[in-house]
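Residue numbers (this note's numbering): 2 to 770.
What follows is the structure in C-alpha cells.
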C-alpha cells in the first residue's frame, strides 16, 4: 500500500469521525465579524498567494439550519444511505489498516481520534474553524512552480514515441536527476515558506489548543515514529519547544540533509531486499544527498498574535507569522478591497502574476502541446513516405505549436495578479474578482447590445463580447487549411489505397466544403457579440404523441444562440452551404422519416418576420412533435438567432428591455461579459414535470409484479421516497433564487462583479476587527 493511500486513509478516518460527531451543537455560534482579517498583516507584498475564510460558522448555519436540508437529512432513505456509506468507508479503512505494511503511526492516529480523548477535542477544532482561517506562501513558491513547469515541458518535448521504446523501462527519478536542466532545478530547489492558521477566541480556547498540541507532540515522540533508532533519535533531537510567553509559543522541527542519518535509513530499507534493489537504493540515496546538500526542512506549530498556526519552510528563523513592514494589502490591486473594509467578509484570495500564470489551464495544456511534433513525427515515420518529403510539414507543425502557445498565453493567460473577495449582505453574497493586467489593456468596452436580445425574463443567459478582435481566429483557420492541404498532398504521394469505403472522396469533399463555409462565410459574417439563452416560455400539453396528454401545459427547456452580424447575406449563404452539404447524408435515413428512398430533405422553409426572415429546417414535422418545435434560424440586418422553436427565435431577434438585479440593473453600462441564472424558474419547470411524471410512474409501478418472499430487500429508494427526494431537491433550488454577474474593464483590470441571492442569509454584524 502506497504512502499516498495510507495518508488518504488517515484523512478519511478523521473526516468520518468529524462528521459523525455533532461538534457544531457543542459550540455556540461566534458573532459575525466585519472588517479585514488581521492575518493580512502577515503576508508580505511579494507573497505568491494569500487566502482567508471568515465568518465560517455563518455559512455552515445557513446550510444546516435550512428547513429543506434538515428535512432531507431526516429522511430514512438518506439516513440509510449515509450509514451504509460510512460503514463501507470504515470497513475499507479498517481493511487497509490491518495490512501488514501499514505503519503503526497510522493505526495510532485512527485509534486516537476514535477514542473519547480524541473526540473531546473536536469541539475545539470546530470552534477554531468557525471564525477565520488563512494560508499564505512566500514568493519562492511561484518561482519554483514556474521552474518545475519549464522542466516538465522540456521533458514532454523530448519524449520518444517510437514503438520500440518502452515507457515502463523509464525511471522517472533517474531521468529527472540526470538531465542538466533538471539537475540545475533540483540544486536550486528550496522548501517554500507556507503558513496556515486559525483565529482563536481567547485565553480559554488557546489553553485548550495548547493541551492538544502538547499531547500530539508527546504522542509523536513516543508512538507515531516508526524509523530506525538513529533516525528516531535525530528527529526527536531536532524537535525544539520554544516558549517566548503565554501568547507566543512554538514547537519547531528542523531537519537538514547533511545531518540526517542516511546510512541508518538505507539499512532499514534494505532489510529483506535483493542485492540489486539495495544497489539501486544506494545510488538513489547518493543522488539525493548530492542534489539536496545544504538544504533543510523546517516544520512548526504554535501560537502568535492570537492565532494557532502551522508552517512549512527551510529557515528556522522564519516559522511563526509576524506582522511585516510591507504587507500585501498595500498593493494597488487591494484598493477595492480596502474600500469595502467595513463589510462582513466571506473570503479573500490573492495570487501573484507568476503563480496565476503557472496554475492556469493554458500553462498546463501548453506543456502537452509540446508533444504534438513528436506525435506527428511518429505517425509520418510509420508511413512509406520519404522522410525528406514530410520534413517541411514537421517544421511547420513545430512553428504552429510555438505560435499557438504564444496566442493562448496572450489571449487567455496574460501577465497580472488576481484578487478575489466576497462579503455578506442582507439576503445574499456579493463579490469581486480583479485581474490586474501588467501590460496595457486596449479593450474599449461598450454596452452589450445582446442583452436586448435575450428575452424579457430568461431563466439563464450568458453574453460576451470580443471588443479587441486582432484576427487571430482567421489566422489559425488559414494555417489549418494549409496543414490539411499538406497532409492530403502527402497522402496522395504515398499512393496507399484507402482502407475505408468508396465514401472517402465524398466525405473529404463534404468536410472541406463545411470548413470553407465556416472560414469564408460564417465567421466573417459574425460580429463581436454572442449570447446563450435558455427559457421555459414554450409550453404544450403534449410535446409528442408518445406522451400521455398533461392536464396542464408543460414548459420545456428552450436553448438559443444569439450572434451579432456584420453581413446578413453572407451568414445566410453559410446556412445554405451547410444545408446543401449535409442534406445528402439524410438520404440514407429518409425512410425512417417517411421520405422516399434516396431522397434528402426539401429546401428550407422561409417566412418573413419583422425586419428579416426565418429559415426553418424542413422535415421536422415528420417526427410528429408539437408544431411549436421548429428548429431554425431567425435573421435580421443585425442579429442571427438559432433556436429549436420558431417563436423563441422571432422573439429574440427583436429588441426588448429586460430587467435584472444588480450588477446588471443598468444595461447601458460598458461590459465585456454578463450572465444571470434564475433558479426559481428552473424549480418551477422541474415541479411542473414532477407533477406530470409522478402519477404516470406510480401507475407503472403498480402494474409491476410484487416482489416474492425470497427477494432481498432493496436499498433503492421507493417510488414515494424518490418523489420526496425530488421535491426537496426542487425546494433547495428555491433557496438560492439567482446568480448574476457582470465583467468590465477598470484601471487596467478585468473585473468580474457578482451577486448571489440567498434570502435566508441574515448576517447581524456584532463585532468590528
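Cβ coordinates follow ideal geometry from the N, Cα and C atoms, glycine included. The structure presented is a predicted model; accordingly, all values stated were derived computationally and were not measured.
Item	Value
Residues that residue 758 bridges to, as DSSP identifies them	429
Proximity of residue 522 and residue 574 at Cβ, strictly below 7 Å	yes
Residue 237 classed as buried or exposed, judged by whether at least 16 other C-beta atoms fall within 10 angstroms	exposed
Per-residue burial, residue 512 [other beta carbons within 10 Å of its own, 16 or more giving buried]	exposed
Buried versus exposed call for residue 1 [16 or more other C-beta atoms within 10 Å across all chains shown]	The requested residue 1 is not part of the displayed model; the chain covers only 2 to 770.
For residue 463 and residue 532, believed in contact at Cβ under 8 Å, the rounded distance	7 Å
Residue burial classification, residue 362 (beta-carbon count within 10 angstroms, cutoff 16)	exposed
Closest Cα partner of residue 316 within the set 609, 297 and 308	297
Same chain, Cβ closer than 7 Å to residue 284, five either side skipped, listed in chain order	none
Exposure of residue 763, with buried meaning 16 or more beta-carbon neighbours within 10 Å	exposed
Cutoff 8 Å; reference residue 689; Cβ partners in own chain excluding five residues on either side	553, 555 and 556
Coarse secondary structure for residue 653, derived from DSSP in three states	helix
Three-state secondary structure assigned by DSSP to residue 741	strand
Nearest-angstrom Cβ-Cβ length linking residue 633 and residue 655, presumed shorter than 8 Å	About 16 Å; that fails the 8 Å criterion.
Of the residues 403, 266 and 202, the one placed nearest residue 127, counting alpha carbons only	202
Local Cβ density within 10 Å of residue 169, reported as buried at 16 or more and exposed below that	Because residue 169 carries a pLDDT of 44, less than 50, the predicted location of this residue cannot be relied on, and no value is offered for it.
Residues bridged to residue 419 (per DSSP)	352 and 436
8 Å contact criterion, which residue 621 and residue 630 should meet: CB distance rounded	7 Å
Candidates 753, 738, 758 and 718, of which the one nearest residue 796 by Cα	Outside the displayed span of the chain (2 to 770) sits residue 796, for which this structure offers no information.
Cβ contact check for the segment 321–333 and the segment 52–68: 3 or more pairs under 8 Å	no
Residues of its chain near residue 624, where Cβ-Cβ distance is below 7 Å and the 5 sequence neighbours each way are ignored	none
Beta-ladder partner(s) of residue 252, from DSSP	242 and 302
Distance between residue 269 and residue 275 (C-alpha atoms, nearest Å)	13 Å
Runs of alpha helix (DSSP H) wholly within the segment 106–156 (minimum 4 residues, chain order)	117–120 and 123–130
Opposing strand residues paired with residue 640 [DSSP bridges]	565
Rounded straight-line distance, which links the Cα of residue 662 to that of residue 741	7 Å
Check whether residue 680 and residue 745 have beta carbons under 7 Å apart	no
Sub-7 Å separation of residue 535 and residue 460 beta-carbons	yes
Buried/exposed call for residue 194, threshold 16 Cβ in 10 Å	buried
Residue 306 versus 35, 42 and 703, residue with shortest Cα-Cα distance	42
Residue 272 classed as buried or exposed, judged by whether at least 16 other C-beta atoms fall within 10 angstroms	exposed
Residue 402 versus residue 729 - alpha carbon distance	50 Å
Touching by the beta-carbon criterion (3+ pairs, under 8 Å), the segment 350–365 and the segment 63–82	no
Residue 578, DSSP secondary structure in three states	helix
Through-space distance from residue 287 to residue 261, alpha-carbon basis	13 Å
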